[in-house]
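Report on the structure given below.
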Amino acid sequence: MADSPKKKPDGPKGGYKDRFWIPRFWDGMGTKAWFSLLARNRFAVTPRRVAMAVIVSDLALMNGGLWALQELLHGRRIRNARIEHQPIFIIGHWRSGTTLLHEMLVLDERHSYPDTYACFAPNHFLLTGRVIPRMLQCLMPSQRPMDNMKLGWDRPQEDEFALCNMGLPSPYLTLAFPNRPPQDPEYLDLQDVPPEQLARWKRQFEWFLKCLTLRRPGRIVLKSPAHTCRIEALLDIFPDARFVHIIRDPYVVFPSTVHLWKRLYRDQGFQVPDYRGLNDHVFETFTRMYDVFERQRDLIAPNRFCEVRYEDLIREPVDQIHRVYDTLELGGFDAARPALEKHAAGMAGYKTNRYDLDGDLRDEITRRWAGFIEKYGYETPS
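According to this note's numbering, the sequence shown is numbered sequentially starting from 1382.
Structure representation (structure tokens):
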């Protein structure tokens, strides 16, 4: 195995650096979800991370009580809520530009989305969403730890974190115990999940979207790389859903994804990570994701699917979003254009992280992801 890519030293400054405490993805878990996660990993918390686990344990008790109160006050409304407009799913591998695309599509005031607080506290955000984010605003870093993208409790967030905090199985739980065997790998694409468990996953996912609808009606825009290989299951819930697939140069995606997981293992894990097998994990997950995606993409009607290249989105952001609107027959682009143009102007100074790839690693990417590279027309760098 070739050495991991080296990140050049011009990455983001500030953000998580030198903070006494940062919010963790698991802070919104209820008691059953949290203590089940601990038990299945044999309480293998590194001693220096015990305080972090104690904090999450205390918060889990609080989250359980708040969930019960929300159910008491809003349970019937949630169950009776109707999702009038089926969602837009932004799909694509990690580090392909899904976050950028998400932030641009939710500029349309007709659209709704899960924000960071809803994903951190999915069990009670309807009850506490007006108060707790204000109290915790000073604790939220201004930038993500892996790049220059802005952070905030009210900014769009990945719904997979909400599913984790609701107690659903997810490969993302590997972040909590990175030195243990991978968590719930079958839930990446849902292909081998038993029917009764898959039905539960669909019910809980829809429950979360109903909560989002009650908070802010409108077409929900969701982004989660894992949804890239869940097309069949998502269409079973929302047969008229729309999908925007974003792709990016795999010679950038690989080192950027390795950097992402390293940073999240370090910041979010209850173990000091050793990173063993990480390169292989990134290679294999990408291949599995796109094997399933290519088999399922034809299930989507042509006017419900649009593909975007990250490189094009960076070069001509407004035109590319206009194309998404036209392809998906969303309408209303002229009303959304001013906000998009303002956002595009703010992108002018944005700098992506840079990585050095040695020859062996470059050749391995070429070999192992050859199908993707050929299909999407990316060139092997010199």
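Here a beta-carbon is modelled for each residue, glycine too, at the ideal position from N, C-alpha and C.
Looking only at DSSP bridge pairs, what is residue i linked to?
{"i": "Asp1496", "result": "Pro1537"}
{"i": "Ile1403", "result": "None, per the DSSP bridge assignment."}
{"i": "Cys1610", "result": "Paired residue(s): none; Cys1610 is not in a bridge."}
{"i": "Phe1470", "result": "Leu1603, Phe1624"}
May I ask which residues mark the beginning and end of the alpha helix (DSSP H) holding residue i?
{"i": "Val1673", "result": "1659-1677"}
{"i": "Phe1714", "result": "1714-1727"}
{"i": "Lys1531", "result": "Careful: Lys1531 lies outside any alpha helix (DSSP H) and carries neither H nor E."}
{"i": "Tyr1632", "result": "1631-1649"}
{"i": "Glu1755", "result": "1751-1757"}
{"i": "Tyr1706", "result": "1698-1709"}
{"i": "Pro1550", "result": "No alpha helix (DSSP H) contains Pro1550, which DSSP labels as neither H nor E."}
{"i": "Ile1513", "result": "1513-1517"}
{"i": "His1491", "result": "The sequence given here has Arg at residue 1491, not His. Neither: Arg1491 is in no alpha helix (DSSP H) and is coded neither H nor E."}
{"i": "Thr1555", "result": "Premise fails: Thr1555 is in no alpha helix (DSSP H) and is neither H nor E."}
{"i": "Glu1761", "result": "Per the sequence shown, the amino acid found at residue 1761 is Thr instead of Glu. Per DSSP, Thr1761 belongs to no alpha helix (DSSP H) and is neither H nor E."}
{"i": "Ala1414", "result": "1412-1421"}
{"i": "Leu1680", "result": "No alpha helix (DSSP H) holds Leu1680; DSSP gives it neither H nor E."}
{"i": "Phe1506", "result": "1506-1509"}
Residue i to residue j, Cα distance in whole Å?
{"i": "Glu1755", "j": "Leu1507", "result": "46 Å"}
{"i": "Arg1676", "j": "Pro1566", "result": "19 Å"}
{"i": "Glu1710", "j": "Arg1623", "result": "10 Å"}
{"i": "Pro1636", "j": "Ser1477", "result": "12 Å"}
{"i": "Asp1737", "j": "Ala1729", "result": "24 Å"}
{"i": "Ser1438", "j": "Ala1420", "result": "13 Å"}
{"i": "His1483", "j": "Ala1449", "result": "31 Å"}
{"i": "Leu1616", "j": "Ala1682", "result": "11 Å"}
{"i": "Glu1465", "j": "Phe1619", "result": "11 Å"}
{"i": "Ile1436", "j": "Ala1414", "result": "15 Å"}
{"i": "Asp1648", "j": "Val1426", "result": "14 Å"}
{"i": "Leu1486", "j": "Asp1621", "result": "18 Å"}
{"i": "Asp1570", "j": "Pro1762", "result": "31 Å"}
{"i": "Gly1752", "j": "Pro1503", "result": "38 Å"}
{"i": "Gly1409", "j": "Glu1760", "result": "43 Å"}
{"i": "Arg1685", "j": "Phe1674", "result": "15 Å"}
{"i": "Glu1613", "j": "Leu1544", "result": "18 Å"}
{"i": "Trp1642", "j": "His1662", "result": "10 Å"}
{"i": "Asp1573", "j": "Thr1480", "result": "28 Å"}
{"i": "Gly1446", "j": "Leu1440", "result": "10 Å"}
Tell me the residue span of the beta strand (DSSP E) that contains residue i.
{"i": "Glu1688", "result": "1686-1690"}
{"i": "Phe1586", "result": "Element bounds for Phe1586: not the beta strand (DSSP E) but the alpha helix (DSSP H), 1576-1596."}
{"i": "Leu1603", "result": "1600-1604"}
{"i": "His1765", "result": "Nothing about residue 1765 can be reported from this structure: the residues present for the chain run from 1382 to 1763 only."}
Check whether the segment 1580-1593 touches the segment 1494-1506, counting contact only when three or more Cβ pairs, one atom from each stretch, lie closer than 8 Å.
yes
Are the segment 1557-1569 and the segment 1650-1661 touching by the rule of at least three beta carbon pairs closer than 8 Å?
yes
Which complete beta strand (DSSP E) runs does the segment 1424-1486 hold, if anything under 3 residues is left out?
1469-1472
Quick one: any contact between the segment 1459-1479 and the segment 1596-1607, if contact means 3 or more CB pairs under 8 Å?
yes
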